[in-house]
Amino acid sequence: MTMNITNKEIDGVSVVLLDGRIVLGEESNSLRERVKALIAEGKKKIVLNMAEVKYIDSAGLGILVAAHVSAKTQGAALHLSNLGHKFHDVLQLTRLLTVFSVYDSQADAIRSFGPNSLTAAV
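Everything in the sequence shown is counted per my numbering, starting at 14 for the first residue and increasing by one.
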């Protein structure tokens, strides 16, 4: 099962909608490349909307951590939204919940970037 990745800009924030599984192989590589490309384009505010992520394995978690660290070292911020209970529990168990900025909704994640990101679409 391939992962579909869709980008959109909302109030200066790059929103990446993920649909599918984040697992070792093509899926995790495509996510890593997408985040890398956004940072290379100078995007400093990135939200990963996880609402349609069906499954994530340890390689997928590794890609998320690597993307977060890469963004941070290049002066960008990567926030997660719409985790769902299962994925939230996985992040809590692995203590990664303390690493990421996590928001219940995409709108909350966009607003978290500050006053220039006030009108957020869901």
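A virtual CB, placed ideally from N, CA and C, is assigned to each residue, including glycine.
Query: What residue range is occupied by the uninterrupted alpha helix (DSSP H) comprising Asn42?; Result: Glu39 to Ala53
Query: Apart from the five residues just before and just after Asp70, which ones in its own chain have a Cβ nearer than 7 Å to its Cβ?; Result: Val36 and Leu37
Query: Any idea what DSSP makes of Ala89, helix, strand or coil?; Result: coil
Query: What number of angstroms, rounded off, separates the C-alpha of Thr132 from the C-alpha of Val103?; Result: The pLDDT assigned to Thr132 is 45, lower than 50, so where the model puts this residue is not dependable, and the model offers no usable value.
Query: Can you tell me the Cα-Cα spacing of Asn42 and Thr19, whole angstroms?; Result: 15 Å
Query: Of the residues Lys99, His92 and Arg124, which one's Cα is nearest the Cα of Asn62?; Result: His92
Query: Give every residue of the same chain whose Cβ lies closer than 8 Å to the Cβ of Thr107, excluding the five residues on either side of it in the sequence, and list them in chain order.; Result: Leu74
Query: If I follow the unbroken beta strand (DSSP E) through Arg34, where does it start and stop?; Result: Val26 to Ile35
Query: On the three-state DSSP scale, how would you describe Leu96?; Result: coil
Query: Under 7 Å Cβ to Cβ from Asn17, same chain only, skipping five residues before and after it: list those, please.; Result: Asp32 and Gly33
Query: Using beta-carbon positions only, say whether Ile123 and Val82 come within less than 9 Å of one another.; Result: no
Query: Quick check: the Cα distance between Gly88 and Asp24, rounded to an integer number of angstroms?; Result: 19 Å
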